[in-house]
Each structure stands twice: as structure tokens, then as C-alpha cells.
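First up is the structure itself, then whatever we jot down about it.
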Amino acid sequence: MRKEDLKLYLVTDSDLANGKPLAEIIEAAIKGGVSMVQIREKNSTTREFYELVMSVKHILKVYNVPLIVNDRLDIALAVDADGLHIGQSDLPYKEARKILGFDKIIGLSVESIEQAREANDLDVDYIGLSPVFSTQTKSDIAKPLGLDGIKEIASFSKHPCVAIGGINKNNLGSIIEAGADGVALVSAIISQEYPEKAARELKKIIDSIMNEHIE
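Be aware that the sequence shown starts at 1, since it is given in the UniProt record's numbering, and climbs by one per residue.
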């Protein structure tokens with residue numbers, strides 16, 4: 001996995017798609033600049049989840065965009081996904097790594113400074129800082145980390161950091177400025193009438209700020 005793959009990370013939620021086929025939204029978002037896709041469908045049956053991942057796998061392969069499965073190690077294995085994203089209450093990282101091996105990507109959600117420090121002892125490929133702000137896409141969330149939390153974690157984490165939770169084009173810039181290597185977005189792309197345009201606008205903001213830092 002390249003760190004730049006995390007720059008604009010799309011996380012799915014069919015409930016926010018306004019009836020549009022998710023595969024169609026994903027392809028449009030990739031054309032707009034999405035660099036990684038995580039399939040996260042908490043309300044789907046196992047069969048529905050599997051069929052959805054299979055329906056988008058070939059699209060991501062064409063565009064050389066990594067396919068990440070949320071939580072479901074069994075489905076990640078069944079479809080030979082590029083990786084798995086796990087939370088604090090999911091299968092422990094070390095067990096997931098034993099099964100997947102080191103040639104697959106594993107991301108871990110952290111919800112506090114303490115959990116981020118603990119993650120430094122793990123060989124995860126990236127950590128998801130969750131949530132940055134309050135969000136409507138998840139109900140079981142911890143206290144928002146805020147920009148100060150992002151800054152602190154970015155200052156000591158040995159892993160690339162991806163911010164998620166309540167992020168939109170109005171606050172995106174401040175998150176990158178705080179030290180995040182990328183952002184994971186749900187409704188800011190999935191719910192938009194024109195997901196390709198939405199993704200392109202978001203990527204433009206990220207690129208602008210990252211290029212300023214390089215200069």
C-alpha cells in the first residue's frame with residue numbers, strides 16, 4: 001500500500017445512496033479522484049455483502065484502486081480483497097494478520113489518544129482516526145477527537161493516519177493541515193447527486209494543501 005492511496009478514501013453506505021446503484025457511484029467517485037474504497041455495509045446480509053463486493057471488485061481492479069472490506073474477514077478472504085479494516089470491537093489485529101498475511105492491507109480504527117499509542121505496537125498499515133467530528137452515518141461513536149486530537153496523534157503515530165467522521169468540503173482543509181495523511185468520506189460523496197464532481201472538488205482541496213506543504 002502506498003501512503004497516497006489513503007488521500008481520498010471512500011467508505012460505502014448503501015442507505016445513503018438515494019436509490020442509485022453503489023457500483024455506479026463508486027466508479028464515478030474513482031473517476032473523480034477517490035484512491036481507495038472500503039465496503040462497509042452494516043445492514044446487509046452476508047450474501048448481500050458478498051455480492052456487492054464481487055460486483056465492484058472488477059471496477060476497482062480496472063482503475064488499480066485498493067478494495068478494502070470492513071470487519072468481515074470471511075468476505076475479504078472469499079473475494080481476495082486487497083485488505084481489511086477492523087475496529088476496536090472486531091477480531092483482534094494479530095489474529096486477523098495471522099489469517100490474512102502481510103501481503104494484505106489491514107487498517108485499524110482508533111477512537112482515542114490512548115488507542116493510537118497502543119496501535120504503535122502493532123504492524124497495521126494505517127490507522128483510522130474516528131470520529132473527528134460528530135457524524136450522522138454512525139450511531140455508536142466515541143467522543144469526537146477534533147483537530148487537536150488529530151494533531152497530537154499525527155505527531156507520534158508511526159502509521160499513516162486517515163481521518164473520518166463528519167468531514168465535508170468546508171472542514172476538509174483544516175484536517176489535512178492538522179496532519180492527517182488522508183480523509184475517509186461517506187455522505188460527502190455517496191449522497192451527492194454528482195459523486196464524480198464531489199470527489200474531484202474534495203481531491204482538489206487536498207492536493208492544494210498538500211502541495212503547499214511540499215513547497
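Beta carbons: idealized from backbone N, C-alpha and C, even for Gly.
Should residue i be labelled buried (16 or more other beta-carbon atoms within 10 Å of its own) or exposed?
i, result
"residue 194", "exposed"
"residue 204", "exposed"
"residue 155", "exposed"
"residue 160", "buried"
"residue 89", "exposed"
Identify, in the order they occur along the chain, each residue of the same chain with its Cβ nearer than 7 Å to the Cβ of residue i, setting aside the five sequence neighbours on each side.
i, result
"residue 201", "169"
"residue 72", "49"
"residue 181", "3, 6, 160, 161 and 162"
Specify, as a first and last residue, the run of the beta strand (DSSP E) that residue i falls within.
i, result
"residue 163", "161-164"
"residue 68", "67-70"
"residue 184", "182-185"
"residue 110", "105-110"
"residue 128", "126-129"
Measuring alpha carbon to alpha carbon, tell me which residue in the options is nearest residue i.
i, options, result
"residue 192", "164, 10 and 148", "10"
"residue 56", "148, 35 and 25", "25"
"residue 76", "20, 161, 176 and 46", "46"
"residue 179", "159, 171, 190 and 151", "151"
"residue 40", "97, 83, 206 and 4", "83"
"residue 18", "97, 186 and 143", "186"
"residue 162", "38, 89, 121 and 42", "38"
"residue 74", "65, 92 and 100", "100"
How far does the alpha helix (DSSP H) with residue i in it reach, from first residue to last?
i, result
"residue 149", "146-156"
Is the separation between the beta-carbon of residue i and that of residue j shorter than 9 Å?
i, j, result
"residue 108", "residue 124", "yes"
"residue 79", "residue 62", "no"
"residue 134", "residue 166", "yes"
"residue 209", "residue 184", "no"
Just to confirm my understanding: we take residue i, look at its own chain, exclude 5 residues before and 5 after, and list those with CB closer than 6 Å. What are they?
i, result
"residue 188", "168"
"residue 27", "59"
"residue 225", "For the chain, the structure presents residues 1 to 215; residue 225 sits outside this window and is missing."
"residue 158", "120"
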